[in-house]
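Sequential numbering from 4 applies to the sequence shown in our numbering.
Notes for the one structure printed next.
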Amino acid sequence: MTVNVLGISGSLRQGSYNTALLRAAKELAPQGMTIEEFDLAPIPFYNDDVRLQGYPPSVEDLRTRIRQADALLFVTPEYNRSVPGVLKNAIDWASRAPDQPFDDKPVAIMGASMSALGTAFANHHLRQILVYLNAHMLNGPEVLVGGAASKFDAQGRLTDEATRDFVRNHLIGLKRLTLRLKG
Numbered sequence: 004m005t006v007n008v009l010g011i012s013g014s015l016r017q018g019s020y021n022t023a024l025l026r027a028a029k030e031l032a033p034q035g036m037t038i039e040e041f042d043l044a045p046i047p048f049y050n051d052d053v054r055l056q057g058y059p060p061s062v063e064d065l066r067t068r069i070r071q072a073d074a075l076l077f078v079t080p081e082y083n084r085s086v087p088g089v090l091k092n093a094i095d096w097a098s099r100a101p102d103q104p105f106d107d108k109p110v111a112i113m114g115a116s117m118s119a120l121g122t123a124f125a126n127h128h129l130r131q132i133l134v135y136l137n138a139h140m141l142n143g144p145e146v147l148v149g150g151a152a153s154k155f156d157a158q159g160r161l162t163d164e165a166t167r168d169f170v171r172n173h174l175i176g177l178k179r180l181t182l183r184l185k186g
């Protein structure tokens with residue numbers, strides 16, 4: 004069985020290390036896993052008045068793709084010791100009734116940062132959000148890529164072999180969790 008993963012970067016920046024890490028994950032995915040990227044840029048600011056009139060097309064697309072994916076992979080920077088607003092906004096939109104699509108969904112989190120701590124606080128906050136939404140979090144060592152500038156080349160390719168191995172193993176763990184939950 005192929006595990007289809009929806010990958011979401013929490014950054015909109017062109018030269019984002021997190022988007023580069025998501026692309027590295029696509030390259031490093033184990034056999035039997037595909038990772039499709041979703042761009043958060045078209046998602047409007049959350050407004051419940053708008054939602055009550057019907058989900059905007061970009062939000063409906065996100066909700067559908069989350070629902071159809073076997074698992075999710077969030078790759079996010081850390082802003083002020085938390086998740087970026089653009090990512091929280093997208094989760095807020097997608098998590099509304101009916102049929103909240105995060106329910107029972109396997110999820111892995113990664114992040115890259117210039118700091119030595121990587122994205123530890125953002126990962127922790129994102130876990131809290133997703134546990135509340137009844138997602139199944141991949142436990143074990145978290146992928147917190149600190150000192151990102153030294154681990155990616157000028158084209159945004161992840162070149163640090165130890166980090167590449169860590170990402171690869173994290174994805175193997177996500178695949179195992181997904182297959183176990185699917186029974």
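Think of the CB as a built atom: it goes at the ideal place given N, C-alpha and C, for glycine as much as any other residue.
The structure displayed is predicted, hence computed values, not measured ones.
If you ignore the 5 residues before and after Ala32, its C-beta comes within less than 6 Å of the C-beta of Ile38, Leu174, all in its own chain and listed in chain order.
By the C-beta criterion, the region 165-181 is judged to be in contact with the region 135-151, since at least 3 inter-stretch pairs fall below 8 Å. Contact between the region 38-49 and the region 119-139 is absent: fewer than 3 CB-CB pairs across the two stretches fall below 8 Å. By the Cβ criterion, the region 55-66 is not in contact with the region 113-121, since fewer than three pairs of Cβ atoms, one from each stretch, lie closer than 8 Å. Judged by DSSP secondary structure, Leu75 falls outside any alpha helix (DSSP H) and instead within the beta strand (DSSP E) spanning 74-78. With respect to the C-alpha of Lys154, the residue from Ser14, Leu24, Met4 having the closest C-alpha is Leu24. The continuous beta strand (DSSP E) containing Ala111 extends over residues 109-115. Counted as a single uninterrupted DSSP element, the stretch harbouring Thr67 is not any beta strand (DSSP E) but the alpha helix (DSSP H) occupying residues 60-71. The region 158-177 and the region 62-70 do not touch, with fewer than 3 CB-CB distances between them shorter than 8 Å.
Taking the Cβ atoms as the reference, Pro87 lies roughly 10 Å from Ser19, outside the contact range of under 8 Å.
In the DSSP assignment, Phe124 falls outside any beta strand (DSSP E) and lies within the alpha helix (DSSP H) extending over 123-135. Between the alpha carbons of Thr22 and Arg171 lies a gap of roughly 16 Å.
Within the DSSP secondary-structure output, Gly10 pairs in a beta bridge with Glu40, Leu76. The beta carbons of Leu43 and Val89 sit closer together than 8 Å. CA-to-CA, the gap between Gly35 and Val146 works out to about 21 Å. Where Val53 is concerned, the enclosing alpha helix (DSSP H) starts and stops at 51-56. Taking C-beta separations shorter than 6 Å and ignoring five residues to either side along the sequence, the partners of Leu177 in its chain run Ala74, Ala111, Leu141, following chain order. Going by DSSP, Leu90 is part of the alpha helix (DSSP H) stretching over 88-97. One Cα belongs to Gly150, the other to Pro109, and the distance between them is close to 28 Å.
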